[in-house]
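Novice: Quick one: this structure, given as structure tokens, is what I'll be asking you about.
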Amino acid sequence: MSPRAGNAGPHTLAFVESPVQLLNVLEWAHAHAPGVGLTLVVLSPVDPMTRGQLRRMSDLARDEGHQVRWEEARGGPLAPFQTIGGLSGLLRRARRVVLGDPFSRYVQLLLTITRARDLVVVDDGTATMEFVGQLARGERLVRWHRKGGRPGPRDVVFAPVSAAARRRLTPGERRHIEIFSSMPMEETPAGVTVRANTFAWTRTRFGPPRITKGADMVGTSLVETGVVDDGRYLEAVHALATAHGATRYFAHRRESTDKLHRLAAATGLEIVRPELPLELIARRGPIGRTVLSFPSTVVHTLPLALSGTEVRVAVCDIDPAWLTENASPRAQGFLSGVTGTARDVHRLSPTAPTEAPNPVNPTSPSGPTAPAPFTATPPSAGLVGPAAS
Numbered sequence: 000m001s002p003r004a005g006n007a008g009p010h011t012l013a014f015v016e017s018p019v020q021l022l023n024v025l026e027w028a029h030a031h032a033p034g035v036g037l038t039l040v041v042l043s044p045v046d047p048m049t050r051g052q053l054r055r056m057s058d059l060a061r062d063e064g065h066q067v068r069w070e071e072a073r074g075g076p077l078a079p080f081q082t083i084g085g086l087s088g089l090l091r092r093a094r095r096v097v098l099g100d101p102f103s104r105y106v107q108l109l110l111t112i113t114r115a116r117d118l119v120v121v122d123d124g125t126a127t128m129e130f131v132g133q134l135a136r137g138e139r140l141v142r143w144h145r146k147g148g149r150p151g152p153r154d155v156v157f158a159p160v161s162a163a164a165r166r167r168l169t170p171g172e173r174r175h176i177e178i179f180s181s182m183p184m185e186e187t188p189a190g191v192t193v194r195a196n197t198f199a200w201t202r203t204r205f206g207p208p209r210i211t212k213g214a215d216m217v218g219t220s221l222v223e224t225g226v227v228d229d230g231r232y233l234e235a236v237h238a239l240a241t242a243h244g245a246t247r248y249f250a251h252r253r254e255s256t257d258k259l260h261r262l263a264a265a266t267g268l269e270i271v272r273p274e275l276p277l278e279l280i281a282r283r284g285p286i287g288r289t290v291l292s293f294p295s296t297v298v299h300t301l302p303l304a305l306s307g308t309e310v311r312v313a314v315c316d317i318d319p320a321w322l323t324e325n326a327s328p329r330a331q332g333f334l335s336g337v338t339g340t341a342r343d344v345h346r347l348s349p350t351a352p353t354e355a356p357n358p359v360n361p362t363s364p365s366g367p368t369a370p371a372p373f374t375a376t377p378p379s380a381g382l383v384g385p386a387a388s
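Next comes the structure, spelled out in structure tokens:
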């Protein structure tokens, strides 16, 4: 076991379902529980990109001296019952539980089992902002991009569990709730302790990065979640890349392969599938002097991870015309708030390309555009992949 952490034991149990959640558990442990070993449970999803990043992040967690327990939590119809049954003992013995996604039905179910008096919620991206607001207002826990209206049948069936989880996440005489976040908090629930995530662990362990002269772009899963129209998104990426001379596009782990191939053909950008959260990739470098993004978690986290460097983060607002008819009525206001509350970023207005690309058969005035490289970061390449060479 690494000297950085003590006995993992049953006292602190952490549940993560994404690489960003795992990163933020490591940040929390570094900042507020030095020398405390965690039992870190990975509730593995089925998506190959997410699984790959979680495997790599698990290695980093082991390097820090924490115990990692990998659960195939979605490996078949019986997997949830087997996972919950296998974890029930740990949950009942844990004195403190750290979790990354209070909206997750899996996590909500696990919360009904634990007797822990200390609960810590670490960032799961911009969703943390919505969670804190809903907790402060006493509302049911619903993800911001879900369309408004009546709950569906699954929501109705799961409602008692969700309500019980929300009660567990409400501070009381015998229960302490902590939020560990790099996100801005407009509403703070009464009795909840809020601690700032400054990405001190990331800056201590990695970098500083080598900075290139060009610009890099960060992808988003707003198309995949049904918020932004696919064609409009490709047009916006084309416009930003052309205006700022971007050459690389760091794909979000949830972006579809089909969309990324069409984006590469339409824009000429090199598509990079990072094997780790972008905060670690950017900190290790190389990274462009300008990083372009749409409203997302990274407009809050990258300035912290890259503090002390000359990298500028620029964020492009989402034009209301880009939203799909199925987007939640709250989508525009929420995304605008993500941008407006970001610190140390340059705000860009949405623009359209002079000659918008055809997502299916992109052309330019001189003829067809050759597809750009489509690369991924192999596990053997360390923290960054072919795009860094």
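Using numbering that gives the first Met the number 0, read the sequence shown as starting at 0 and increasing by one per residue.
Just so you know, even glycine gets a beta-carbon here, dropped at the ideal spot from N, CA and C.
1. Using the C-alpha atoms, what's the distance from alanine 341 back to cysteine 315?
2. Note the first and the last residue of the continuous alpha helix (DSSP H) segment covering methionine 216.
3. Quick check on the burial criterion: 16 or more other C-beta atoms within 10 angstroms. Buried or exposed for glutamate 26?
4. Can you tell me where the alpha helix (DSSP H) with valine 106 in it begins and where it stops?
5. For lysine 146, does the count of other Cβ atoms within 10 angstroms reach 16, so buried, or fall short, so exposed?
6. Using the three-state DSSP reduction, which class does glycine 34 fall into: helix, strand or coil?
7. Can you check DSSP and say which residues form a bridge with valine 226?
8. Suppose contacts are defined by Cβ-Cβ distances below 8 angstroms. Is serine 161 in contact with leucine 140 by that definition?
9. Using 8 angstroms for Cβ pairs, my map puts alanine 281 next to leucine 259. What's the rounded Cβ distance?
10. Mind listing, in chain order, the continuous beta strand (DSSP E) runs of no fewer than 3 residues lying wholly within the stretch 242 to 306?
11. Would arginine 288 and valine 271 qualify as a contact pair, given that the criterion is a beta-carbon distance under 8 angstroms?
12. Is the stretch 161 to 170 touching the stretch 108 to 117 in the sense that three or more CB pairs, one from each, lie closer than 8 angstroms?
13. For methionine 184 and glutamate 129, what's the separation of their Cα atoms in angstroms?
14. Quick one, are the C-beta atoms of valine 97 and alanine 13 less than 8 angstroms apart?
15. My output table needs one value for glutamate 16: the three-state DSSP class, helix, strand or coil.
16. Would you report the Cα separation of arginine 231 and aspartate 58, rounded to the nearest angstrom?
17. Does the Cβ-Cβ distance between methionine 56 and leucine 22 come in under 8 angstroms?
18. To the nearest angstrom, report how far apart serine 181 and glycine 88 are at their CA atoms.
19. CB-CB under 8 angstroms to arginine 343, same chain, minus the five flanking residues each way: which ones, in chain order?
20. For my contact list, valine 389 and valine 41 are in at a C-beta cut-off of 8 angstroms; report their separation, rounded to the angstrom.
21. Could you tell me if the beta carbon of glutamine 20 falls within a distance shorter than 7 angstroms of some heavy atom in the ligand MN?
22. Helix, strand or coil for arginine 194 per DSSP?
23. Quick one: Cα of isoleucine 210 to Cα of leucine 53, how far?
24. Count the other CB atoms, across all protein chains shown, that sit within 10 Å of the CB of phenylalanine 80; report buried if there are 16 or more and exposed otherwise.
25. Could you compute how far the alpha carbon of serine 306 sits from the alpha carbon of histidine 237?
26. Alpha carbon to alpha carbon, how far is threonine 308 from lysine 212? Give it in angstroms, no decimals.
27. With a Cβ-Cβ cutoff of 8 angstroms, do glycine 99 and valine 191 count as a contact?
28. Based on Cα-Cα distance, which residue from Val298, Phe179, Asp257 lies nearest to alanine 30?
29. Between isoleucine 176 and valine 119, what straight-line distance do the alpha-carbon atoms span, to the nearest angstrom?
30. In three-state terms, what does DSSP make of glutamate 186?
31. Quick check on valine 310: does DSSP put it in helix, strand or coil?
32. Taking C-alpha atoms, which residue in Glu269, Ser43, Ala240, Val193 lies nearest to tyrosine 105?
33. Taking the alpha-carbon positions, what's the leucine 334 to proline 328 distance?
34. State the Cα-Cα distance for the pair alanine 330 and glycine 267, rounded to the nearest angstrom.
35. Round the Cβ separation of glutamate 186 and glycine 132 to the nearest angstrom and send it over; I've been treating them as touching at under 8 angstroms.
36. Rank Asn196, Met216, Val227 by C-alpha distance to the C-alpha of valine 121 and give the top, closest one.
Specialist: Short version:
1. Residue 315 sits at position 316 when you count from the first residue of the sequence shown. Residue 341 sits at position 342 when you count from the first residue of the sequence shown. Using only the alpha carbons, I get a separation of about 12 angstroms.
2. Along the sequence shown, read from residue 1 onward, the residue named residue 216 stands at position 217. From DSSP, methionine 216 is part of no alpha helix (DSSP H) but of the beta strand (DSSP E) over 210 to 217.
3. Locating residue 26 in the sequence shown gives position 27, counting from the first residue. Classification of glutamate 26: buried, given that the 10 Å Cβ count is 16 or more.
4. By 1-based counting over the sequence shown, the position of residue 106 is 107. Looking at the DSSP string, the run of the alpha helix (DSSP H) that includes valine 106 is 104 to 110.
5. Taking the first residue of the sequence shown as 1, we reach residue 146 at position 147. Legend: pLDDT at lysine 146 = 47, less than 50; position of this residue unreliable, no value from coordinates given.
6. Locating residue 34 in the sequence shown gives position 35, where the first residue counts as 1. Strand.
7. Counted from its first residue, the sequence shown places residue 226 at position 227. Valine 226 pairs with nothing; no bridge assigned.
8. Locating residue 161 in the sequence shown gives position 162, counting from the first residue. Locating residue 140 in the sequence shown gives position 141, counting from the first residue. Against a cut-off of 8 angstroms, the Cβ pair of leucine 140 and serine 161 comes out as a contact.
9. Position 282 of the sequence shown, counted from the start, is the residue given in the question as residue 281. Position 260 of the sequence shown, counted from the start, is the residue given in the question as residue 259. Not a contact, Cβ separation roughly 19 angstroms.
10. 245 to 249, 269 to 272, 286 to 292
11. Taking the sequence shown and counting its residues from 1, one reaches residue 288 at position 289. Taking the sequence shown and counting its residues from 1, one reaches residue 271 at position 272. Cβ atoms of arginine 288 and valine 271: not closer than 8 angstroms.
12. yes
13. In the sequence shown, the residue the question calls residue 184 occupies position 185. In the sequence shown, the residue the question calls residue 129 occupies position 130. Methionine 184 and glutamate 129: Cα-Cα distance of roughly 9 angstroms.
14. Translated into positions along the sequence shown, residue 97 becomes position 98. Translated into positions along the sequence shown, residue 13 becomes position 14. Yes, the pair counts as a contact, with Cβ atoms nearer than the cut-off.
15. Numbered from its first residue, the sequence shown carries residue 16 at position 17. Correct three-state label for glutamate 16: coil.
16. Numbered from 1 along the sequence shown, position 232 holds the residue referred to as residue 231. Numbered from 1 along the sequence shown, position 59 holds the residue referred to as residue 58. If I take the Cα positions, the gap works out to 38 angstroms.
17. Within the sequence shown, numbered from 1, the residue matching residue 56 stands at position 57. Within the sequence shown, numbered from 1, the residue matching residue 22 stands at position 23. Going by C-beta atoms, methionine 56 is nearer than 8 angstroms to leucine 22.
18. Taking the sequence shown and counting its residues from 1, one reaches residue 181 at position 182. Taking the sequence shown and counting its residues from 1, one reaches residue 88 at position 89. Roughly 32 angstroms separates the two Cα atoms.
19. On the sequence shown, residue 343 is found 344 positions in, with the first residue counted as 1. A small correction: the amino acid at residue 343 is aspartate; arginine does not occupy that position in the sequence shown. Pro302, Val312, listed in sequence order.
20. As displayed, the chain neither begins before 0 nor continues past 388, which places residue 389 out of reach and without an answer.
21. The ligand MN is absent from the structure shown, which contains no ligand whatsoever.
22. Counting from 1 along the sequence shown, the entry for residue 194 is found at position 195. Three-state DSSP puts arginine 194 in a strand.
23. Translated into positions along the sequence shown, residue 210 becomes position 211. Translated into positions along the sequence shown, residue 53 becomes position 54. C-alpha separation (whole angstroms): 27 angstroms.
24. Position 81 of the sequence shown, counting from 1, holds the residue named residue 80. Its Cβ having fewer than 16 others within 10 Å, phenylalanine 80 is exposed.
25. Working through the sequence shown from its first residue, we reach residue 306 at position 307. Working through the sequence shown from its first residue, we reach residue 237 at position 238. CA-CA distance, serine 306 to histidine 237, rounds to 28 angstroms.
26. Along the sequence shown, read from residue 1 onward, the residue named residue 212 stands at position 213. Along the sequence shown, read from residue 1 onward, the residue named residue 308 stands at position 309. The C-alpha of lysine 212 lies about 13 angstroms from the C-alpha of threonine 308.
27. Residue numbering aside, residue 99 sits at position 100 when the sequence shown is read from its first letter. Residue numbering aside, residue 191 sits at position 192 when the sequence shown is read from its first letter. Not a contact, by the Cβ cut-off of 8 angstroms.
28. If you number the sequence shown from 1, residue 30 lands on position 31. Comparing Cα positions, the closest option is Phe179.
29. Walking along the sequence shown from the start, residue 176 turns up at place 177. Walking along the sequence shown from the start, residue 119 turns up at place 120. In a straight line, the C-alpha of isoleucine 176 is about 6 angstroms away from that of valine 119.
30. Here residue 186 refers to the residue found at position 187 when the sequence shown is read from its first residue. Judged by DSSP in its simplified three-state form, glutamate 186 adopts coil rather than helix or strand.
31. For the purposes of this step, residue 310 is taken as the residue at position 311 of the sequence shown. In this structure, valine 310 counts as coil in the three-state DSSP scheme.
32. Here residue 105 refers to the residue found at position 106 when the sequence shown is read from its first residue. Among Glu269, Ser43, Ala240, Val193, the Cα nearest to that of tyrosine 105 belongs to Ser43.
33. Position 335 of the sequence shown, counting from 1, holds the residue named residue 334. Position 329 of the sequence shown, counting from 1, holds the residue named residue 328. Our two residues, leucine 334 and proline 328, have alpha carbons roughly 11 angstroms apart in a direct line.
34. In the sequence shown, counting from the first residue as 1, residue 330 sits at position 331. In the sequence shown, counting from the first residue as 1, residue 267 sits at position 268. As the crow flies, the alpha-carbon of alanine 330 is around 30 angstroms from that of glycine 267.
35. Sequence index remark: in the sequence shown, residue 186 carries index 187 (1-based). Sequence index remark: in the sequence shown, residue 132 carries index 133 (1-based). The Cβ separation is near 5 angstroms, so the contact holds.
36. Translated into positions along the sequence shown, residue 121 becomes position 122. Ranking Asn196, Met216, Val227 by Cα distance to valine 121 puts Asn196 first.
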